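Colleague: The structure that follows is given in the form of C-alpha cells.
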Amino acid sequence: AAAAPIFRAWLEPFKEMGATTITLSNTGGTDHLSYDRIGLPGFQFIQDEIEYDARTHHSNQDVFDRIQADDMRQAATIMAAFVYQTAMMDEKIPRKVMK
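Residues in the sequence shown are numbered consecutively from 8, following the working numbering.
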C-alpha cells in the first residue's frame, strides 16, 4: 500500500499508452508472491487478459509467434521506466508491514 502513490506517479506519463491502473489486488499464483511473503517488495504487472487466458496459454501452442508486439513494447517500456525510477530513488521502496 505504501508503494501505491509512488507507482501512481511513475505510471502517470504512460496514460496515453492506456496504462492507468494501480491496484492492491492480487491475482495469486505469480512469482512475486514468494518475495512478498518474506517482506521484500514484490510486484506484478498485470496484462490484458484478452490473450492471456486463451487456450494456448501454458500449452505447446504458447510460442513466441503469439506474442502481441504492441503489448510487449508497452510492457517493456513501462517496466524499464519503473526499474530506472527505482534505481534513482534515494530511499528503498517502502516495505510491507509483516504480521
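Every residue gets a Cβ at the ideal spot worked out from N, C-alpha and C, and that includes glycine.
Since this is a predicted model, take the numbers as computed values, not measurements.
1. My understanding is that T93 touches I100, with C-beta atoms under 8 Å, so please give their C-beta distance in whole angstroms.
2. Given M105, which residues of its chain have a CB within under 7 Å of its CB, disregarding the five upstream and five downstream residues?
3. Indicate whether H39 and G49 have their beta-carbon atoms separated by less than 8 Å.
4. Alpha carbon to alpha carbon, how far is I13 from S32?
5. Relative to the C-alpha of F21, which residue among S41, F89, N67 and T37 is closest?
Modeller: Short version:
1. As a first step, residue 93 is located in the sequence shown; it is residue number 86 there, counting from the start. As a first step, residue 100 is located in the sequence shown; it is residue number 93 there, counting from the start. About 6 Å; that satisfies the 8 Å criterion.
2. Looking up residue 105 in the sequence shown gives position 98. Answer for M105: G46, listed in chain order.
3. Counted from its first residue, the sequence shown places residue 39 at position 32. Counted from its first residue, the sequence shown places residue 49 at position 42. Cβ atoms of H39 and G49: closer than 8 Å.
4. Taking the first residue of the sequence shown as position 1, residue 13 is located at position 6. Taking the first residue of the sequence shown as position 1, residue 32 is located at position 25. Straight-line Cα distance between these residues: approximately 17 Å.
5. Here the question's residue 21 lines up with position 14 in the sequence shown. Ranking S41, F89, N67 and T37 by Cα distance to F21 puts F89 first.
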